[in-house]
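Down below is the structure, laid out as structure tokens.
Protein chains: 2
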Amino acid sequence: MYKVLRKHLERVIEISDQEFDEFCSLLVLRKLRRKELLIRPGDRVTSEFYVISGCLQAFHTSENGDQSILQFGIEDWWVSDFEAFFNDTPARLSVSCIEDSTVLELNKEMLEELYKRIPKFERFFRIKLTKAFVALYSRIQNGLEKNSTTRYLEFCETYPHIEQRVPNYKIASYLGIKPESLSRIRKELAEREASINKA
Amino acid sequence: MYKVLRKHLERVIEISDQEFDEFCSLLVLRKLRRKELLIRPGDRVTSEFYVISGCLQAFHTSENGDQSILQFGIEDWWVSDFEAFFNDTPARLSVSCIEDSTVLELNKEMLEELYKRIPKFERFFRIKLTKAFVALYSRIQNGLEKNSTTRYLEFCETYPHIEQRVPNYKIASYLGIKPESLSRIRKELAEREASINKA
DNA sequence: TGAGTTCATTGACCTATGTTATCCTTTGCT
DNA sequence: AGCAAAGGATAACATAGGTCAATGAACTCA
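Heads up: the sequence lines are chains A and B, in that order. The numbering of the first sequence is full-length UniProt numbering, which starts it at 1 and goes up by one. The numbering of the second sequence is full-length UniProt numbering, which starts it at 1 and goes up by one.
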């Protein structure tokens, strides 16, 4: 079970068995049921979650009750309300399970202790952060210059594993459009494809 | 001139005169003219830029020539094509001056040398990165759930100094709408305000 | 000073997306 | 099996924002 995690770390830093064990000793294994909430608005967020199996979502609920999904989390991803996590402010997002899931909970304070003992873990998370930063940057760029159809197609290309397992209305929410619009887009794409196949 | 920079650092970490001098010794002062380009697509990006005075923009140019602005940079901000900077990939953005500007150029390799000598600078940039990450996160959230009028009003509130000095069509570009739309939005807001004042 | 450039605004029109309501299928539960 | 809930599609209509074209003000610079 922890093999995937070890690989995950070793794509960025080299670690010994002992260092890996020390890292694992900070983690709390949690088994979660579909729809279970890990973080709700207002919570103090002291942990981030590494997904072993299943699928999570981080989403914001607006005053009128609409939800917009900021992040999906499947196997090998980290999920949290990172604004609250980094800034020690009350959560503005919710994090919940789309499927039954198994996650490893990593406490922030324990992590900072670990940074002092084994600095290479600080390096690991700094590099993860730059990657996440760049990913957000290009998501903003997509939002600025691409239409919904293109954004949907690129989402399917970039995250085929997510597209296949989460309902369309959640994808719509992530893309910033309504489910009805996504439905229209998918119909349009299917028709396009059909007419190509006929020709 | 470097006083502002020192304050900028000291909002996050404490540093001695000597440490500050060592940091400054890495920096190259550059005076730039309006419209001058610091980074163009395809460049290798080895530096980030701290703005002493003036105003920069980081923008993407799409195939059909449309530009979308990802970031403005005024006094006390860092600007670059961060994707290229962090990943050592060719620049996809351009960075140019909206006004005559003075910047301090910080070379990535020299910075990494400095990290080894004085680790607290690594801490400084890691914290700056978390702040930037959170800012991008909330920009995405705004894009998902707010209409253009709201986004414009919040932009004016959040960045009054930018709103006052860059042309409206650049603000429109940053917000992901066309200048004509922003013009209509501004008209609508002015009318609303007028009718409130009359009442 | 005068011509060119940049920028903002406006109007007419068009298109993509949102809204509301309804219907149908699938899935899950007991 | 039978019912409820979830998910998806669709249609009619409304609206925000994009497109295109024209105008004029303000600024720049030779």
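Idealized CB from N, CA, C, for every residue including glycine.
Using the Cα positions of residue 74/B and residue 53/B, report the straight-line distance between them to the nearest angstrom.
As a first step, residue 74/B must be located in the second sequence, where it is residue number 74. As a first step, residue 53/B must be located in the second sequence, where it is residue number 53. Distance between the alpha carbons of residue 74/B and residue 53/B: 7 Å.
Does the beta carbon of residue 11/B come closer than 7 Å to any beta carbon on chain A?
Locating residue 11/B in the second sequence gives position 11, where the first residue counts as 1. Answer no: the Cβ-Cβ gap between residue 11/B and chain A never drops below 7 Å.
Cutoff 7 Å: residue 56/A Cβ touching any chain B Cβ:
By one-based count along the first sequence, residue 56/A stands at place 56. False, the Cβ-Cβ gap to chain B never drops below 7 Å.
Any beta carbon from chain B within less than 7 Å of residue 36/A's own beta carbon?
Residue numbering aside, residue 36/A sits at position 36 when the first sequence is read from its first letter. False, the Cβ-Cβ gap to chain B never drops below 7 Å.
Proximal chain A residues relative to residue 130/B, where beta-carbon distance stays under 7 Å
Mapped onto the second sequence, residue 130/B falls at position 130. Within 7 Å Cβ-Cβ: 86 and 129.
Going by Cα to Cα distance, which pick from 147/B, 150/B and 98/B is closest to residue 79/B?
Looking up residue 79/B in the second sequence gives position 79. Of the candidates 147/B, 150/B and 98/B, the one whose C-alpha sits nearest the C-alpha of residue 79/B is 98/B.
Would you verify that the beta carbon of residue 18/A is, or is not, closer than 7 Å to some beta carbon of chain B?
Working through the first sequence from its first residue, we reach residue 18/A at position 18. It does not: the Cβ of residue 18/A has no partner Cβ on chain B nearer than 7 Å.
I need the boundaries of the beta strand (DSSP E) containing residue 152/B, first residue and last residue.
Taking the second sequence and counting its residues from 1, the one referred to as residue 152/B is at position 152. Where residue 152/B is concerned, there is no enclosing beta strand (DSSP E), although the alpha helix (DSSP H) it sits in stretches over 148–158.
Within chain A, partners of residue 133/B - CB distance below 8 Å
On the second sequence, position 133 is the one that residue 133/B refers to. Result: 82, 86, 129, 132, 133 and 136.
So, is the C-beta of residue 151/A closer than 7 Å to a C-beta in chain B?
Position 151 of the first sequence, counted from the start, is the residue given in the question as residue 151/A. Not closer than 7 Å to any Cβ of chain B, the Cβ of residue 151/A fails to qualify, so no.
Is the stretch 7–18 of chain A touching the stretch 40–48 of chain A, taking contact as three or more C-beta pairs under 8 Å?
no
Out of 30/B, 29/B and 5/B, point me to the one whose CA is closest to residue 20/B's CA.
Position 20 of the second sequence holds residue 20/B. Taking only the C-alpha atoms, the option nearest residue 20/B is 5/B.
Would you give the residue range spanned by the alpha helix (DSSP H) that residue 139/A belongs to?
Position 139 of the first sequence, counted from the start, is the residue given in the question as residue 139/A. Run containing residue 139/A: 120–145, per the alpha helix (DSSP H) assignment.
Would you kindly work out how many angstroms separate the C-alpha atoms of residue 125/A and residue 23/A, rounded to a whole number?
Here the question's residue 125/A lines up with position 125 in the first sequence. Here the question's residue 23/A lines up with position 23 in the first sequence. Taking the straight line joining both Cα atoms gives about 13 Å.
Under 7 Å Cβ to Cβ from residue 110/B, same chain only, skipping five residues before and after it: list those, please.
Counting from 1 along the second sequence, the entry for residue 110/B is found at position 110. Same-chain partners within the cutoff: 26.
Quick one: which chain A residues come within Cβ less than 8 Å of residue 140/B?
Translated into positions along the second sequence, residue 140/B becomes position 140. Chain A residues near residue 140/B: 70, 136, 139, 140 and 143.
Residues in the stretch 173–192 of chain A with C-beta within 9 Å of chain B's C-beta atoms, listed in sequence order?
173, 174, 175 and 176
Enumerated in chain order, which unbroken segments of the alpha helix (DSSP H) with a length of 4 residues or greater are wholly contained in the stretch 7–60 of chain A?
17–24
Looking only at C-alpha atoms, which of 147/B, 119/B, 127/B and 164/B sits nearest to residue 72/B?
The sequence position of residue 72/B within the second sequence is 72, counting from 1. Here the closest residue by C-alpha is 164/B.
Any Cβ of chain A within less than 7 Å of the Cβ of residue 53/B?
Here the question's residue 53/B lines up with position 53 in the second sequence. For residue 53/B, the answer is no, since every Cβ of chain A falls outside 7 Å of its Cβ.
Do we get a CB-CB distance below 7 Å when we pair residue 126/A with the residues of chain B?
On the first sequence, residue 126/A is found 126 positions in, with the first residue counted as 1. Judged by the 7 Å Cβ criterion, residue 126/A is in contact with chain B.
May I have a chain-ordered list of the beta strand (DSSP E) segments no shorter than 3 residues that lie completely inside the stretch 74–120 of chain B?
94–97 and 101–107
Bounding residues of the alpha helix (DSSP H) (the contiguous stretch that carries residue 62/B):
On the second sequence, position 62 is the one that residue 62/B refers to. Taken as a continuous stretch (DSSP letters only), residue 62/B belongs to no alpha helix (DSSP H), as it is neither H nor E.
If you measure between the beta carbons of residue 168/A and residue 182/A, is that distance less than 7 Å?
As a working mapping, residue 168/A is identified with position 168 in the first sequence. As a working mapping, residue 182/A is identified with position 182 in the first sequence. Yes, the pair counts as a contact, with Cβ atoms nearer than the cut-off.
Check the DSSP bridge columns for residue 69/B and list the partner residues they point to.
The residue labelled residue 69/B in the question sits at position 69 within the second sequence. Answer is 59/B.
Cβ contact (3+ pairs, closer than 8 Å) linking the stretch 53–67 of chain A and the stretch 122–142 of chain A
no
Measure the alpha-carbon distance for residue 18/A versus residue 69/B and round it to whole angstroms.
Stepping through the first sequence from its first residue, residue 18/A is reached at position 18. Stepping through the second sequence from its first residue, residue 69/B is reached at position 69. If you take the alpha carbons of residue 18/A and residue 69/B, they lie about 47 Å apart.
Starting from the C-beta of residue 175/B, find all residues in its chain whose C-beta is less than 8 Å away, skip the five residues before and the five after it, and write them out in chain order.
Counted from its first residue, the second sequence places residue 175/B at position 175. Answer for residue 175/B: 148, 151, 152, 155 and 182, listed in chain order.
Taking residue 32/A as the reference, which of 146/A, 107/A and 50/A has the closest Cα?
Here the question's residue 32/A lines up with position 32 in the first sequence. Comparing Cα-Cα distances from residue 32/A to each of 146/A, 107/A and 50/A, the minimum goes to 50/A.
Would you mind working out which of 87/B, 93/B and 101/B sits nearest residue 29/B, comparing C-alpha positions?
Here residue 29/B is taken as the residue at index 29 of the second sequence, counted from 1. Per the Cα distances, 101/B.
Please report the residue range of the alpha helix (DSSP H) in which residue 170/A lies.
Translated into positions along the first sequence, residue 170/A becomes position 170. That run of the alpha helix (DSSP H) goes 168–175.
Using a cut-off of 9 Å between C-beta atoms, extract the partners of residue 202/B located in chain A.
Since the first and last residues shown for chain B are 1 and 199, residue 202/B lies out of range.
Using a Cβ-Cβ distance under 7 Å, would residue 8/B count as near chain A?
As a first step, residue 8/B is located in the second sequence; it is residue number 8 there, counting from the start. By this cut-off, residue 8/B is not an interface position.
Quick one: which chain B residues come within Cβ less than 9 Å of residue 96/A?
Start at 1 with the first residue of the first sequence, and residue 96/A comes out as number 96. Within 9 Å Cβ-Cβ: nothing; residue 96/A doesn't reach chain B, min ~17 Å.
Give the interface partners of residue 62/A over in chain B, defined as CB-CB distance under 8 Å, in chain order.
The residue given as residue 62/A occupies position 62 in the first sequence. Under the 8 Å cutoff, chain B gives 145.
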